[in-house]
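*Asks:* Numbering (my numbering), first residue to last: 89 to 406.
Don't be surprised by glycine CBs; every beta carbon is placed ideally from N, CA and C.
Structure in structure tokens, see below.
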């Protein structure tokens with residue numbers, strides 16, 4: 089009889105065992121899903137923090153570029169960014185730093201140096217609410233085009249709509265200004281800076297996560313080196329109060345920190361989401377330029393700014 093009971097219990101054990109394993113698998117899946125959700129939320133917060141930080145840096149850099157020469161502001165900023173990046177690299181562990189990652193960082197730094205040079209020059213010439221959106225929108229557009237032509241990306245219909253929307257948005261922002269002297273030249277500087285923005289983001293995105301923040305270090309070092317000629321040409325403009333020199337260095341440190349936040353966000357979040365959130369930084373200087381600095385924006389410029397924001401969203405989500 090006991091043998092019959094054992095034979096009857098064996099199928100029951102065989103029947104219930106998979107159910108127990110499935111329950112454990114479901115619990116593991118739920119845990120992994122919750123963890124992935126937390127990581128995505130953290131990535132989104134990091135990208136938003138990057139946008140806010142970059143926006144504040146643009147405001148500070150623009151104001152300083154109106155106090156003393158933009159070349160001095162840009163160079164000191166990159167030096168400050170290099171110092172912060174070196175301190176961060178000493179604290180943030182890196183599993184494996186490859187030569188390729190450092191070279192991608194150097195390429196990104198080349199774009200950063202050029203972008204900040206022309207961006208600060210544009211901010212010293214014209215309205216803050218014009219220069220920053222122009223550089224940001226065109227930079228995102230160029231990044232998408234580079235991804236298609238070089239990296240083999242295939243943008244969605246939304247991305248192509250954003251690319252097409254960029255052209256009229258730029259025209260409205262640049263030509264619908266309030267007529268202040270220098271707005272047209274400032275918008276042109278914004279367009280040139282956008283090429284550097286594209287190189288900065290595309291290059292940094294190629295560095296592996298295992299390299300830590302060392303690509304940011306090589307990027308800041310490269311930016312300092314390529315800006316040396318301009319710094320030597322305008323060396324006499326460095327004769328400023330210590331507080332202004334320190335403020336310029338702090339803006340560069342803020343920009344470097346913003347790049348670190350963006351890099352960490354891209355590791356935790358889908359790249360498209362990280363880009364769209366980080367690309368919202370023009371809203372900060374634009375709103376401050378209009379509300380606090382009293383910069384006037386015409387109806388055409390306002391329409392262009394709205395189109396620029398829509399283009400950034402479409403390009404990034406696409």
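Are the segment 338-356 and the segment 209-228 in contact at 8 angstroms, needing three or more beta carbon pairs?
*Replies:* With a cut-off of 8 angstroms, the segment 209-228 and the segment 338-356 do not count as touching, because too few Cβ pairs lie within range.
*Asks:* Determine the direct distance from the alpha carbon of residue 284 to that of residue 380, and round the result to whole angstroms.
*Replies:* For residue 380 and residue 284, the distance between alpha carbons rounds to 28 angstroms.
*Asks:* Taking only runs of the beta strand (DSSP E) that begin and end inside the segment 283-364, which ones reach a length of at least 3 residues, in chain order?
*Replies:* Within the segment 283-364, no complete beta strand (DSSP E) run reaches 3 residues.
*Asks:* Taking 6 angstroms as the limit between beta carbons, can you name the residues of its chain near residue 117, skipping five residues before and five after?
*Replies:* Here residue 117 scores only 49 on pLDDT, less than 50, and its place in the model is too uncertain to base an answer on.
*Asks:* Is the segment 175-188 touching the segment 297-306 in the sense that three or more CB pairs, one from each, lie closer than 8 angstroms?
*Replies:* Flag = yes, the segment 297-306 and the segment 175-188 touch.
*Asks:* Count the C-beta pairs between the segment 154-161 and the segment 318-330 that are closer than 8 angstroms, then say yes if the count reaches three, no if not.
*Replies:* The segment 154-161 vs the segment 318-330: in contact.
*Asks:* Quick test of the definition: if touching needs 3 or more C-beta pairs under 8 angstroms, does the segment 197-211 touch the segment 272-291?
*Replies:* Because the criterion of three Cβ pairs below 8 angstroms is met, the segment 197-211 and the segment 272-291 touch.
*Asks:* Report buried or exposed for residue 213, applying the criterion of at least 16 other Cβ atoms within 10 angstroms of its Cβ.
*Replies:* By the neighbour-count rule (16 or more Cβ atoms within 10 Å), residue 213 is buried.
*Asks:* Do the segment 246-253 and the segment 315-322 touch if we need at least three Cβ pairs shorter than 8 angstroms?
*Replies:* Output reads no: the segment 315-322 does not touch the segment 246-253.
*Asks:* Can you tell me the Cα-Cα spacing of residue 376 and residue 147, whole angstroms?
*Replies:* Those two C-alpha atoms are separated by around 8 angstroms.
*Asks:* Check residue 124 in the structure and name its three-state DSSP category.
*Replies:* Residue confidence is low: residue 124 scores 45 on pLDDT, short of 50, so the model does not pin down where it sits. No coordinate-derived value is stated.
*Asks:* Rank 367, 387, 354 and 336 by C-alpha distance to the C-alpha of residue 170 and give the top, closest one.
*Replies:* Measuring from the Cα of residue 170, the nearest candidate turns out to be 336.
*Asks:* Can the beta-carbon of residue 260 be found closer than 8 angstroms to that of residue 389?
*Replies:* Result yes, Cβ atoms of residue 260 and residue 389 sit closer than 8 angstroms.
*Asks:* Looking at the unbroken alpha helix (DSSP H) that takes in residue 167, where does it start and where does it end?
*Replies:* Per DSSP, residue 167 belongs to the alpha helix (DSSP H) from 158-179.
*Asks:* Alpha carbons only, please: which of 232, 238 and 254 is nearest the one belonging to residue 244?
*Replies:* For residue 244, the nearest C-alpha among the options comes from 232.
*Asks:* Taking C-alpha atoms, which residue in 312, 168 and 401 lies nearest to residue 369?
*Replies:* Closest option to residue 369, Cα to Cα, is 401.
*Asks:* Short check: CB of residue 234 to CB of residue 286, under 8 angstroms?
*Replies:* Yes. Within cutoff.
*Asks:* How should residue 240 be labelled, buried or exposed, when 16 other C-beta atoms within 10 angstroms of its C-beta is the threshold for buried?
*Replies:* Residue 240 comes out exposed.
*Asks:* Relative to the alpha-carbon of residue 142, which residue among 191, 224 and 273 has its alpha-carbon at the smallest distance?
*Replies:* Of the listed residues, the one whose Cα sits closest to residue 142 is 224.
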